[in-house]
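K.L.:
Starting off with a structure, shown below.
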Amino acid sequence: MEKKYYILQKEAYSIYPQVDCLSVFQAQQISSWKIFSGIKPKLSFRLKKKAKFTDVLSSTAGPFTDFLISSKVKEIIDSSHVMQHQFFEASIKTNDQEYEYYWLHLSQPNLVDALNYEESEFYQTEWEFLNKGPIKIKSYEHYMELKAKDEDGSFGVSLNKIVLKENFDRSLDLFFLLPFDFNIYVSEGLKDKLESSGVTGISFSNSITF
1 MEKKYYILQK
11 EAYSIYPQVD
21 CLSVFQAQQI
31 SSWKIFSGIK
41 PKLSFRLKKK
51 AKFTDVLSST
61 AGPFTDFLIS
71 SKVKEIIDSS
81 HVMQHQFFEA
91 SIKTNDQEYE
101 YYWLHLSQPN
111 LVDALNYEES
121 EFYQTEWEFL
131 NKGPIKIKSY
141 EHYMELKAKD
151 EDGSFGVSLN
161 KIVLKENFDR
171 SLDLFFLLPF
181 DFNIYVSEGL
191 KDKLESSGVT
201 GISFSNSITF
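The opening position of the sequence shown corresponds to residue 1 in the UniProt record's numbering, with each subsequent residue numbered one higher.
This is the structure we're talking about:
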């Protein structure tokens, strides 16, 4: 049975990013391709002058698929069915206070196995932005074979049309399909929870049915 999803976006305010990372080395250890099995990083940030203080804060530290969130958002995520993830402790410092936040780290590389490669439509990219036209991708392994021949690192593949297999876990409330698609998809149910709770710092666009 198909299910409606929305694209989750971090709000872009006049001051972007909203915070500066004070724990750069720890943030650099976080990768979209792995879950931490040892000691989790503890992150700290400083709210920029005149930046808006929201439940989800923008940061250029760490993977772009991760989120810096308030305890209110963490409670909502905890009550939802989210792709493989971890929470790291984080603190937000202002001129006179320090706030407890969390870093939501998302990582589940095998989700691309849920793609129906035969029916999905791909296009080749150069340096991620230039569309080089349609390309046939048979599997993730096929993509990796092509990527291995890429001497200068410019080769990439993105999705024009997403078709998921029948056995895809449609009970998921939040997921993404790296490396072919940089969008983060949230279910209508999770979207409604976030909106009804008045969560700030995010928006939703472009509903899609899988």
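Note that the Cβ used here is the ideal one computed from N, Cα and C, for glycine as well. A quick note: this is a predicted structure, and the numbers were derived from the prediction, not measured.
(1) With H, G and I counted as helix, E and B as strand and the rest as coil, what does DSSP make of SER187?
(2) Along the chain, which unbroken stretches of the alpha helix (DSSP H) at least 4 residues long are found entirely within the segment 12 to 77?
(3) Rounded to a whole number of angstroms, what is the C-alpha to C-alpha distance between LEU104 and GLU118?
(4) Just to confirm, is the Cβ distance from ASN160 to GLU121 under 7 Å?
(5) What are the boundary residues of the alpha helix (DSSP H) that LYS147 is part of?
(6) Under the DSSP definition of a beta bridge, which residues are partnered with ASP181?
(7) Apart from the five residues on each side of it in sequence, which residues of its chain come closer than 6 Å, Cβ to Cβ, to SER91?
(8) Roughly how far, in whole angstroms, is the beta-carbon of HIS85 from the beta-carbon of LEU106, given that I think they are within contact range, below 8 Å?
P.N.:
According to the structure data:
(1) strand
(2) Complete alpha helix (DSSP H) runs here, min 4: 24 to 28.
(3) 33 Å
(4) yes
(5) 140 to 148
(6) As DSSP reads the structure, ASP181 sits in a beta bridge with LEU177.
(7) The beta carbon of SER91 sits closer than 6 Å to those of SER44, GLU98, all from its chain and outside the five residues before and after it, given in chain order.
(8) That belief holds up - the Cβ atoms of HIS85 and LEU106 are roughly 5 Å apart, short of 8 Å.
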